[in-house]
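When we follow our numbering, the leftmost residue of the sequence shown carries the number 1, and every step to the right adds one.
Glycine is no exception: its CB is placed at the ideal position from the N, C-alpha and C atoms.
Quick caveat, the model's predicted, so the values are computed rather than measured.
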Amino acid sequence: MINRITDLVLKFPKTVLIIILIITAFFTFQIYENARLETNLDKYKPADHPKFVASEEYEDLFGISDSIIVAVANNSSEYGIYNPETLKKIDKISRALEKLPEVARGDVKSLATVDNIKSSDFGLEVDPLYQKLPENEAEILQLKKEVETNKMINGRIVSKTGNSALIMAELKDEEIDRLKLYQKVKEIVEPYRGGSENIYIAGQPVVEGTLAHLMPQDMKKMIPIVIFVIILVLFLTLHSFKSTLLTVLVVLFSTIWAFGLMSYFEIPVYAVSTMIPVMLIALGVADGIHLLSHLNQEIKAQPDRDKLDLIKEMQQKLWKPVVMTSVTTAAGFLSLLTSDVLPIRYFGLFTAAGVMSAMFFSLIMIPAGLKVIGLPVLKLKNDKNKKADQKFFHGLSKFVREKRKVIVVLTIIITVMAVYGASKIWIDSSMLNKFSEDEEIVKADHFINNNFGGTTQLNLIFKAEENGVFKDPKYLKDIWKLQNQLEKRELIGTTYSLNDYLRRINKVMNENQEEFNQIPDSRELVAQYLLLYSMSGDPEDLDRLIDYDYRQLHVQISLKTDRSQEIKSIIAEIEDFAAHTSLDKFEVDFAGSAYTNMIFTGLILDGQILSLAISLIGVFFLLSLLFKSFTAGLIGVLPIAVTAAVNFGLMGGLGVSLNTTTALISSIAVGMGIDYAIHLLSRYQYYGIRGFSKVEAADKAINLSGRAITFNALVVIAGFMVLTFSKFPPNRELGWLVSNALFVSLVGTLTLVVALIDIIEPKFIFNRRKDDQK
Numbered sequence: 001m002i003n004r005i006t007d008l009v010l011k012f013p014k015t016v017l018i019i020i021l022i023i024t025a026f027f028t029f030q031i032y033e034n035a036r037l038e039t040n041l042d043k044y045k046p047a048d049h050p051k052f053v054a055s056e057e058y059e060d061l062f063g064i065s066d067s068i069i070v071a072v073a074n075n076s077s078e079y080g081i082y083n084p085e086t087l088k089k090i091d092k093i094s095r096a097l098e099k100l101p102e103v104a105r106g107d108v109k110s111l112a113t114v115d116n117i118k119s120s121d122f123g124l125e126v127d128p129l130y131q132k133l134p135e136n137e138a139e140i141l142q143l144k145k146e147v148e149t150n151k152m153i154n155g156r157i158v159s160k161t162g163n164s165a166l167i168m169a170e171l172k173d174e175e176i177d178r179l180k181l182y183q184k185v186k187e188i189v190e191p192y193r194g195g196s197e198n199i200y201i202a203g204q205p206v207v208e209g210t211l212a213h214l215m216p217q218d219m220k221k222m223i224p225i226v227i228f229v230i231i232l233v234l235f236l237t238l239h240s241f242k243s244t245l246l247t248v249l250v251v252l253f254s255t256i257w258a259f260g261l262m263s264y265f266e267i268p269v270y271a272v273s274t275m276i277p278v279m280l281i282a283l284g285v286a287d288g289i290h291l292l293s294h295l296n297q298e299i300k301a302q303p304d305r306d307k308l309d310l311i312k313e314m315q316q317k318l319w320k321p322v323v324m325t326s327v328t329t330a331a332g333f334l335s336l337l338t339s340d341v342l343p344i345r346y347f348g349l350f351t352a353a354g355v356m357s358a359m360f361f362s363l364i365m366i367p368a369g370l371k372v373i374g375l376p377v378l379k380l381k382n383d384k385n386k387k388a389d390q391k392f393f394h395g396l397s398k399f400v401r402e403k404r405k406v407i408v409v410l411t412i413i414i415t416v417m418a419v420y421g422a423s424k425i426w427i428d429s430s431m432l433n434k435f436s437e438d439e440e441i442v443k444a445d446h447f448i449n450n451n452f453g454g455t456t457q458l459n460l461i462f463k464a465e466e467n468g469v470f471k472d473p474k475y476l477k478d479i480w481k482l483q484n485q486l487e488k489r490e491l492i493g494t495t496y497s498l499n500d501y502l503r504r505i506n507k508v509m510n511e512n513q514e515e516f517n518q519i520p521d522s523r524e525l526v527a528q529y530l531l532l533y534s535m536s537g538d539p540e541d542l543d544r545l546i547d548y549d550y551r552q553l554h555v556q557i558s559l560k561t562d563r564s565q566e567i568k569s570i571i572a573e574i575e576d577f578a579a580h581t582s583l584d585k586f587e588v589d590f591a592g593s594a595y596t597n598m599i600f601t602g603l604i605l606d607g608q609i610l611s612l613a614i615s616l617i618g619v620f621f622l623l624s625l626l627f628k629s630f631t632a633g634l635i636g637v638l639p640i641a642v643t644a645a646v647n648f649g650l651m652g653g654l655g656v657s658l659n660t661t662t663a664l665i666s667s668i669a670v671g672m673g674i675d676y677a678i679h680l681l682s683r684y685q686y687y688g689i690r691g692f693s694k695v696e697a698a699d700k701a702i703n704l705s706g707r708a709i710t711f712n713a714l715v716v717i718a719g720f721m722v723l724t725f726s727k728f729p730p731n732r733e734l735g736w737l738v739s740n741a742l743f744v745s746l747v748g749t750l751t752l753v754v755a756l757i758d759i760i761e762p763k764f765i766f767n768r769r770k771d772d773q774k
């Protein structure tokens, strides 16, 4: 069949190329028209997962939503932010944020909007801190006194030093473009920068918007450099501009087709989708290098042979390995369809589509291109250089065969060490760790964490079976003890619950005596205070902390970190505390972005581990089927498994966290491992079944396929090492981890595979068949 296809392509090469260009232009247009970036991380999470469903219900019940946080600092004034100019800026920024369509009505909290709970001759009063902006020193000092004596404001809205204040704008529960929102907030804030104030912008929406913006932007800058380096190394490797051009076009067109398909089906580009070009660069050059390296060898060996005969022979000898590597690689990526996370499924699906596109271009476009532009014009190496090449690969073959048992033992030792290192891996859901320390968002986060409760919110929910339970002081006091215990942790800033209202009301209703800054002792007084507040203040304030039946209570916990290790530790401490107090009768649950991000990261990693296992099993059976031997499956899958183990082992040993980016590196390890193994095994089998001895088969296989594999690895490693100079930490990690995976996969294929074949002498290679000797 391949002969008929090749004949057709070589008969109408220009027509074939024009059709490819038309389809590519169509997909390019789809990308231009329909491609959009998804910046809301909530859209990444499976909506039907039980924990996300529960979190969504709590968010609806208590009005939990992410907030944009603006911090205004003044370290120049004697009284910090307590001066007319700074207060005016806080007021204007607050009013401007209230007008944003993305911000929930009445949900901007700042000095300009926050209520102050006081007592009067008429009972409880809940009014704003001021009716008009303080202008003179007496009014400003009165405001300062009001804030410093109100623990619901001091340390939360205004720093305890009085040098900075927060403006918190809660978002509506709807689809919001986080990046556009961040840009709007920056436009609001920009006119007020300068003078004595420093202004910072932070919060989960800002982190998400910045992350969704910076990673693709950094990739836009880095990928062209990666491609340039790959082109340069390809040229130095293939010694031909024509071969280099065709190989690069395979990568470029397969990437356009993959993203074009996504855009055609109106699937948004998620942050993880930016990894698709990375994968296709690593995988797409492989087939072209193998095909053109073989062609170069034949041209050097038979320089006067007919052009069409050389192209046909290239196709005839290598189409099976090219198809096998592409199908098995695509199958490996399709295993990601088992993930609970939709963007990961799309990543696997469209990377597989890109891999199959690269196979199509390699087998169709490269022959057509060679017919149109001509064969590579090669400068024949002198005998000295040729012998040097042959000497190296012959020496490698001899070394591996002589040290085969040592190689197997060393591989076992390295794998055991890698597994131990992998046991040290820690999972990280932190979004902020994806930024460099000099990024504006990181500086803002550090400032707010150092001066206030923190930018990350963990929402704790206690659920009782009976109504009215959380009017009982016994339970409220245990919750207050929990709040105090949590606030002693270094990375917890503040906690906030119904208790804060009750303590404040109790104090002001008793002439502001500090001894009454506690939870009332009687259930009746608790109920009375809550009724008083409902009548005097905004009942929605309490609705955010307690449900109508007083059987579900919400505690806000402000964290100075978004790392999953710390969040898990806090959750464990809460559950342990509840189990040993009166709170043991209640269900303990959690909600909010910090919690769901932690769960989400876990789902990605669990799914990746599952898909990796499925990939390895799938590769084993596919190789076994293709070579009609379980031994082939085992020999082919071992270097891949070792590569994945070494990759994770290095991460654990070097303290690199397992996150949404680093977890996907194993996909490249599997993809490249399949490619290297199939090409080497196919070449081994080609010579083995023709009666060549172990030594001869090893020499020839390594000299041909081993050479192409080495060139392939060096080309892609050179390109990806460029990413280590990226400004974006995840891309730096991606660069060196991919390079490491490719290097280990290369070494494993050229040593372990050859050593195992030499030891086992598998029948699928050395079982000579007469019909294969022609």
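### Segment limits, alpha helix (DSSP H) that includes G655
Position 655 of the sequence shown, counted from the start, is the residue given in the question as residue 655. Neither: G655 is in no alpha helix (DSSP H) and is coded neither H nor E.
### Task
Determine the DSSP secondary structure at D428, reduced to helix, strand or coil.
Locating residue 428 in the sequence shown gives position 428, counting from the first residue. In this structure, D428 counts as coil in the three-state DSSP scheme.
### Message
For K11 and L245, what's the separation of their Cα atoms in angstroms?
### Response
By one-based count along the sequence shown, residue 11 stands at place 11. By one-based count along the sequence shown, residue 245 stands at place 245. Cα-Cα distance, rounded: 22 Å.
### Task
Tell me whether S164 sits in a helix, a strand or coil according to DSSP, three-state version.
Here residue 164 is taken as the residue at index 164 of the sequence shown, counted from 1. Strand, per DSSP.
### Query
In three-state terms, what does DSSP make of L8?
For the purposes of this step, residue 8 is taken as residue 8 along the sequence shown, with counting starting at 1. In this structure, L8 counts as helix in the three-state DSSP scheme.
### Selected residue, minimal CA-CA separation from L553, among P205, Q685, D500, S615
Here the question's residue 553 lines up with position 553 in the sequence shown. Nearest C-alpha to L553: D500.
### Message
Measuring alpha carbon to alpha carbon, tell me which residue in I68, E59, I81, I117 is nearest K507.
### Response
Taking the sequence shown and counting its residues from 1, one reaches residue 507 at position 507. When I68, E59, I81, I117 are compared, the shortest CA-CA separation from K507 is found for I117.
### Query
Opposite V103 in the DSSP bridges: which residues?
Numbered from 1 along the sequence shown, position 103 holds the residue referred to as residue 103. Answer is L171, bridged to V103.
### Straight-line Cα distance separating P50 from E175
For this step, residue 175 is matched to residue 175 along the sequence shown. For this step, residue 50 is matched to residue 50 along the sequence shown. Rounded to the nearest angstrom, the two C-alpha atoms are 21 Å apart.
### Query
Among all the DSSP beta bridges, which residues are the ones paired with G194?
By 1-based counting over the sequence shown, the position of residue 194 is 194. Answer is E197, bridged to G194.
### Query
Are A677 and G636 close, meaning C-beta to C-beta below 9 Å?
Your numbering for residue 677 matches position 677 in the sequence shown. Your numbering for residue 636 matches position 636 in the sequence shown. Going by C-beta atoms, A677 is nearer than 9 Å to G636.
### Message
With H, G and I counted as helix, E and B as strand and the rest as coil, what does DSSP make of F361?
### Response
Sequence index remark: in the sequence shown, residue 361 carries index 361 (1-based). Helix.
### Start-to-end residues for the alpha helix (DSSP H) that takes in G155
Stepping through the sequence shown from its first residue, residue 155 is reached at position 155. Counting along the chain, G155 falls outside any alpha helix (DSSP H), and DSSP gives it neither H nor E.
### Query
Under three-state DSSP, which class holds F399?
The residue given as residue 399 occupies position 399 in the sequence shown. Reduced to three states, the DSSP call for F399 is helix.
### Query
Just how far apart, CA to CA, sit I571 and I344?
Position 571 of the sequence shown, counted from the first residue, corresponds to residue 571. Position 344 of the sequence shown, counted from the first residue, corresponds to residue 344. I571 and I344: Cα-Cα distance of roughly 27 Å.
### Task
Would you check if the distance between the CB atom of V114 and the CB atom of I81 is smaller than 9 Å?
On the sequence shown, residue 114 is found 114 positions in, with the first residue counted as 1. On the sequence shown, residue 81 is found 81 positions in, with the first residue counted as 1. At a Cβ-Cβ threshold of 9 Å, V114 and I81 do not count as neighbours.
### Task
Reducing DSSP to helix, strand and coil, say where S119 ends up.
In the sequence shown, residue 119 corresponds to position 119, counting from 1. Three-state DSSP puts S119 in a strand.
### Task
With a cut-off of 8 Å on the beta carbons, I'd call M324 and L291 a contact; round off their distance for me.
In the sequence shown, the residue the question calls residue 324 occupies position 324. In the sequence shown, the residue the question calls residue 291 occupies position 291. Not a contact, Cβ separation roughly 14 Å.
### Task
Determine the contact status of Q518 and R503, defining contact as a CB-CB distance below 9 Å.
On the sequence shown, residue 518 is found 518 positions in, with the first residue counted as 1. On the sequence shown, residue 503 is found 503 positions in, with the first residue counted as 1. Taking 9 Å as the cut-off, the Cβ atoms of Q518 and R503 count as close.
### Query
Looking at C-beta atoms only, is the number of pairs between the region 623-636 and the region 719-730 that lie closer than 8 Å three or more?
Short answer: they don't touch.
### Task
Apply the 10 Å Cβ neighbour rule to H294 and answer buried if 16 or more other Cβ atoms are within range, or exposed otherwise.
As a first step, residue 294 is located in the sequence shown; it is residue number 294 there, counting from the start. It counts as buried.
### Task
Within its chain, find whatever has a CB closer than 6 Å to the CB of K560; leave out the 5 residues flanking it on each side and keep chain order.
For the purposes of this step, residue 560 is identified with residue 560 of the sequence shown, where counting begins at 1. Correct list, in chain order: N449, G454, L491, G493.
### Query
Taking just the CA atoms, how far does S667 sit from L612?
Residue mapping note: residue 612 aligns to position 612 of the sequence shown, counting from 1. Residue mapping note: residue 667 aligns to position 667 of the sequence shown, counting from 1. Computed Cα separation, rounded: 7 Å.
### Query
Leaving out the 5 sequence neighbours to the left and right, which residues in its chain are closer than 6 Å to F369 when beta-carbon positions are compared?
Counting from 1 along the sequence shown, the entry for residue 369 is found at position 369. A quick correction: the sequence has Gly, not Phe, at residue 369. Taken in chain order, the residues that qualify are L246.
#### Entry: Which residues DSSP lists as bridging P128, in chain order
Taking the first residue of the sequence shown as 1, we reach residue 128 at position 128. Answer by DSSP bridge pairing, in chain order: D115.
### Burial state of L318 (16 or more Cβ within 10 Å)
Numbered from 1 along the sequence shown, position 318 holds the residue referred to as residue 318. Per the 10 Å Cβ criterion, buried.
### Query
First and last residue of the alpha helix (DSSP H) that includes Q30?
Here the question's residue 30 lines up with position 30 in the sequence shown. Where Q30 is concerned, the enclosing alpha helix (DSSP H) stretches over 13-34.
### Task
Any chance you could list the alpha helix (DSSP H) runs of at least 4 consecutive residues sitting entirely within the region 405-481, in chain order?
440-451
### beta strand (DSSP E) segment containing Y777, residue limits
Nothing about residue 777 can be read from this structure; the chain reaches only from 1 to 774.
### Query
For the region 512-566, which segments carrying the beta strand (DSSP E) assignment without a break, of at least 3 residues, lie completely within its bounds, in sequence order?
552-559
### Task
Give a yes or no on whether the C-beta atoms belonging to T328 and G649 are separated by under 9 Å.
On the sequence shown, position 328 is the one that residue 328 refers to. On the sequence shown, position 649 is the one that residue 649 refers to. Cβ distance not < 9 Å, so T328 and G649 don't count as in contact.
### Identity of the residue in V722, A698, A708 nearest I759 by Cα
Within the sequence shown, residue 759 is the residue found at index 759, counting from 1. Checked all of V722, A698, A708; the closest Cα to I759 is A698.
### Task
Report yes if the C-beta distance between A271 and M222 is below 9 Å; otherwise report no.
Counting from 1 along the sequence shown, the entry for residue 271 is found at position 271. Counting from 1 along the sequence shown, the entry for residue 222 is found at position 222. Cβ distance not < 9 Å, so A271 and M222 don't count as in contact.
### Task
Note down the Cα distance separating Q556 from E102, rounded to an integer number of angstroms.
Position 556 of the sequence shown, counting from 1, holds the residue named residue 556. Position 102 of the sequence shown, counting from 1, holds the residue named residue 102. Their Cα atoms are separated by approximately 22 Å.
### Task
Could you pull the start and end residues of the beta strand (DSSP E) that G607 belongs to?
Locating residue 607 in the sequence shown gives position 607, counting from the first residue. Taken as a continuous stretch (DSSP letters only), G607 belongs to no beta strand (DSSP E), being part of the alpha helix (DSSP H) at 593-627.
### Query
For R4, is the classification buried or exposed, using 16 other Cβ atoms within 10 angstroms of its Cβ as the cut-off for buried?
On the sequence shown, residue 4 is found 4 positions in, with the first residue counted as 1. With fewer than 16 other Cβ atoms within 10 Å, it is exposed.
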